[in-house]
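Report on the following structure.
Numbering (the working numbering), first residue to last: 10 to 362.
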């Protein structure tokens with residue numbers, strides 16, 4: 010699916026320096042691009058590779074253009090954020106090459122008479138849509154999905170195959186939910202009565218905003234009483250667990266295997282590295298960034314980068330460190346005794362002089 014470079018830039022913006030009639034068939038990495046490709050430079054460490062790339066066009070910032078100089082002789086597309094421009098260019102080419110989804114309901118789908126499905130929606134094989142569900146304009150629901158009772162999907166939302174979007178869950182416009190995700194499963198709620206666990210019915214729902222993406226096999230539990238809330242623009246990677254009654258603020262992003270315990274409230278524009286964990290009932294401010302593998306065990310009131318793990322070490326060295334850590338209480342007491350002894354000696358010396 011080829012396009013003129015000039016047409017691409019007209020669609021996406023940026024400043025074109027070079028021949029607008031160059032034909033581009035796609036986007037490729039710096040070291041693999043050929044004369045039919047456009048590529049991008051977003052990492053200064055790859056300047057040397059960018060200077061010798063075989064691509065006919067290069068997306069980069071004005072600063073990087075100055076750094077590279079005349080080493081690269083192809084067309085340039087100048088933009089403040091080359092990585093974001095790459096993302097939009099990739100969307101541009103994907104849209105041109107994708108087979109369009111035809112609206113309609115597959116004969117094997119089961120749609121309750123009291124469900125409302127827009128005529129422009131695409132409902133795949135073996136989908137189940139329960140009573141009171143609403144499927145908005147141009148939605149795409151892949152094979153084997155379940156849309157539960159009273160659930161709703163905003164316009165142009167896509168459920169990939171085998172998503173469970175259960176009762177009383179709601180998502181806004183342009184959402185993407187990858188295969189295997191479960192939205193609205195029961196939260197982990199039990200009361201202990203003399204050693205016996207009594208299940209607490211989870212009667213809340215899940216409210217998800219616009220432009221949210223949820224990765225494969227990620228689970229978002231329904232609230233116990235109030236809803237679990239995922240605000241606009243949130244991006245969740247694969248295999249994430251969001252427990253009941255959590256609130257995830259706008260534009261927050263979480264990498265794979267993050268776990269958030271019940272009733273945690275996370276602010277806007279936060280990021281969480283892979284396998285980070287957040288304990289329940291904590292509050293995290295806006296613009297907080299949690300490193301991979303960190304355990305958040307207290308609320309965070311100030312923005313910034315937070316890390317909570319020991320650096321990787323050889324096992325023998327780690328065992329030595331662990332042995333020292335176990336002795337910290339004893340060492341502290343000994344240091345206090347030494348400090349007390351030093352003060353006594355200092356006082357005695359001062360009084361005798």
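Beta carbons are placed, not taken as given, at the ideal position from N, Cα and C, and that holds for glycine.
Take residue 232 as the anchor and find which of 270, 91, 130 has the nearest alpha-carbon.
270
For the segment 139-193, which segments carrying the beta strand (DSSP E) assignment without a break, of at least 3 residues, lie completely within its bounds, in sequence order?
178-180
To the nearest angstrom, how far is the alpha carbon of residue 129 from that of residue 108?
16 angstroms
Does the beta-carbon distance from residue 177 to residue 146 come in below 7 angstroms?
no
So, with DSSP's three-state summary, where would you put residue 81?
coil
Between the segment 199-211 and the segment 167-174, are three or more C-beta pairs nearer than 8 angstroms?
no
Counting C-beta neighbours from all protein chains within 10 Å, is the total for residue 238 16 or more, i.e. buried, or is it exposed?
buried
Simplified DSSP state of residue 229, which is helix, strand or coil:
strand
The alpha helix (DSSP H) enclosing residue 351, as first and last residue numbers
337-361
Note the first and the last residue of the continuous alpha helix (DSSP H) segment covering residue 56.
56-60
Measure the C-alpha to C-alpha separation of residue 32 and residue 15 and round it to an integer number of angstroms.
9 angstroms
If I measure Cβ to Cβ from residue 179 and keep anything under 6 angstroms in the same chain, skipping five residues before and after, which residues do I get?
161, 216
Where does residue 305 fall in DSSP's three states?
strand
Output the distance between the C-alpha atoms of residue 328 and residue 132, rounded to the nearest integer angstrom.
56 angstroms
With respect to the beta strand (DSSP E) encompassing residue 69, which residues constitute its N-terminal and C-terminal limits?
66-69
Since residue 18 is in the alpha helix (DSSP H), which residue starts that stretch and which ends it?
14-21
Bounding residues of the beta strand (DSSP E) (the contiguous stretch that carries residue 200):
199-202
Any chance the segment 341-350 sits against the segment 319-333, with 3 or more Cβ pairs inside 8 angstroms?
no
CB-CB length for residue 95 against residue 77, believed under 8 angstroms:
Residue 95 to residue 77, Cβ: 17 angstroms. No contact.
Please return the same chain residues whose Cβ sits closer than 7 angstroms to the Cβ of residue 200, not counting the five positions on each side in sequence.
207, 209
Within its chain, find whatever has a CB closer than 6 angstroms to the CB of residue 119; leave out the 5 residues flanking it on each side and keep chain order.
137
Assign residue 103 to one of three DSSP states: helix, strand, or coil.
helix
So if DSSP puts residue 206 in a beta bridge, which residue, or which two residues, is it bridged to?
201
Anticipated Cβ contact below 8 angstroms, residue 168 with residue 143, distance rounded:
Not really, about 14 angstroms apart at Cβ, beyond 8 angstroms.
To test your reading of the DSSP string, which unbroken alpha helix (DSSP H) runs of 4 or more residues are found completely within the segment 259-287?
none
Hey, could you find the ends of the beta strand (DSSP E) residue 240 is sitting in?
Premise fails: residue 240 is in no beta strand (DSSP E) and is neither H nor E.
Since residue 49 is in the beta strand (DSSP E), which residue starts that stretch and which ends it?
46-49
C-alpha gap between residue 157 and residue 234, whole angstroms:
18 angstroms
Let's test the definition: count the other Cβ atoms within 10 Å of the Cβ of residue 254 and tell me whether it reaches 16, buried, or not, exposed.
buried
For residue 248, which of helix, strand or coil comes out of DSSP?
coil
May I have the straight-line CA-CA distance separating residue 265 from residue 247, to the nearest angstrom?
5 angstroms
Residues that DSSP places opposite residue 24 in a beta bridge:
87
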